[in-house]
Amino acid sequence: MALLKRLQHDGHIRNEVGQMFRKYIDTGKILDIPSGDGVNARNLVDSGFEVECADLFPDRARANGFSCTRCDMTAPLPYEDNSFEGVLHSEGIEHVDNQVAVLAQLQRVLKPGGVLIVTTPNILFLAARADTMLSGHPRPRRWLVTESHGYWGGSKTYGEDTYYGHVFLINAFQLRFYLTHVGLDVLGVEATRYSLNSILLAPLMFPLVWWGTRRMWRNRRFETSTSLKRAIQKEILSPALLFGPKLIMVARKPEE
């Protein structure tokens with residue numbers, strides 16, 4: 001039944017984001033950046049949270065009744081340190097070329113004990129791995145990284161009303177490192193929907209993925225603590241990462 005529910009889910013975090021934050025914080029103010037049309041903010045408000053929206057194109061959220069600050073997330077954020085109990089960074093990290101700097105700003109505005117949820121396309125779920133093997137691109141039917149497809153918005157160059165498309169896709173290994181690098185503790189990964197294609201590929205691909213993952217950690221060049229090794233292996237081999245089209249990673253800012 002749980003598997004069927006995941007297969008039928010539309011995959012967007014909008015239906016579960018409030019519930020996800022509720023696992024870690026009871027109440028408080030959440031920064032939604034980039035907020036898009038405010039669909040995530042609506043779920044957060046309905047879940048009892050106060051929400052601050054920010055986006056490069058604020059009119060979309062404003063049209064849906066939200067106050068929204070115009071904000072370029074690649075620049076220093078216009079908020080004081082330790083301002084929010086939570087930050088939602090949904091479908092944004094893959095669009096920016098200074099990802100560590102962006103995450104450092106999100107860490108800065110989080111209160112100690114606050115929670116950051118990052119979502120981005122998952123390039124490690126089995127269907128994406130198969131696409132990468134066949135075409136060299138993890139999601140060739142959805143978008144491409146080329147000179148003619150790398151910019152989204154009003155022109156063919158990066159500027160005021162134009163931003164990068166899905167040019168800077170990152171995997172779970174990279175995102176985990178970036179989050180810990182800026183001073184956050186990774187709590188785990190989640191999924192909203194499972195890909196039917198990935199489930200169908202599992203009998204063929206999972207034994208190879210399991211073997212490759214185990215082989216990687218046996219390499220003496222990558223010696224690390226047993227606890228960290230187990231945590232990463234658990235994430236990489238989890239249903240959320242093997243079957244989920246979205247990578248959803250949760251991190252917390254340590255208490256002072």
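In terms of this note's numbering, the sequence shown is numbered consecutively and its last residue is 256.
All residues carry an ideal CB built from backbone N, CA and C; glycine is no exception.
This structure is a prediction, so every number in the text was calculated from the model and none was measured.
Measure the C-alpha to C-alpha separation of residue i and residue j and round it to an integer number of angstroms.
i: K111; j: E85; result: 6 Å
i: L88; j: I30; result: 7 Å
i: R14; j: M20; result: 10 Å
i: L241; j: L196; result: 13 Å
i: V250; j: R176; result: 9 Å
i: N284; j: D72; result: The displayed coordinates of the chain run from 1 to 256. Any statement about residue 284 would go beyond what the structure contains.
i: A54; j: E91; result: 13 Å
i: I170; j: I93; result: 8 Å
Beta-carbon within less than 7 Å of residue i's beta-carbon, same chain only, minus the 5 sequence neighbours each way: which residues are those?
i: Y158; result: With a pLDDT of only 45 at Y158, under the threshold of 50, the placement of this residue in the model should not be trusted; the figure read from the coordinates follows. Cβ within range, chain order: Y151, Y164.
i: K233; result: This sequence places Gln at residue 233; Lys is not what is there. Excluding sequence neighbours, Q233 sits near T213, W217.
Ignore the nearest five residues each way along the sequence and tell me which others in residue i's own chain have a CB closer than 6 Å to its CB.
i: S198; result: F125, L126, A127, F243
i: V45; result: V51
i: V96; result: T74, V102
i: V115; result: Y24, I25, G86, R252
Rounded to whole angstroms, how far is the Cβ of residue i from the Cβ of residue j, which I believe are closer than 8 Å?
i: S47; j: A41; result: Wrong, their Cβ atoms sit about 11 Å apart, outside the cutoff.
i: P245; j: P121; result: 7 Å
Starting from the C-beta of residue i, find all residues in its chain whose C-beta is less than 8 Å away, skip the five residues before and the five after it, and write them out in chain order.
i: P76; result: Q105
i: V100; result: Y178, H181, V182
i: D37; result: R60, A61, A63, N64
i: P203; result: none
Tell me whether residue i counts as near the ligand GTP, meaning its Cβ is closer than 7 Å to at least one heavy atom of that ligand.
i: L200; result: As presented, the structure is devoid of all ligands, the ligand GTP included, so that no description of it is given.
Legend entry - Complete alpha helix (DSSP H) runs within the stretch 35–83 (minimum length 4 residues, chain order): 39–46, 59–62
Legend entry - Segment contact flag, the stretch 128–141 with the stretch 68–87, C-beta cutoff 8 Å, min 3 pairs: no
Legend entry - alpha helix (DSSP H) runs wholly inside the stretch 104–182, at least 4 long, in chain order: 126–135, 172–181
Legend entry - the stretch 135–146 in contact with the stretch 97–117 per 3-pair CB rule at 8 Å: no
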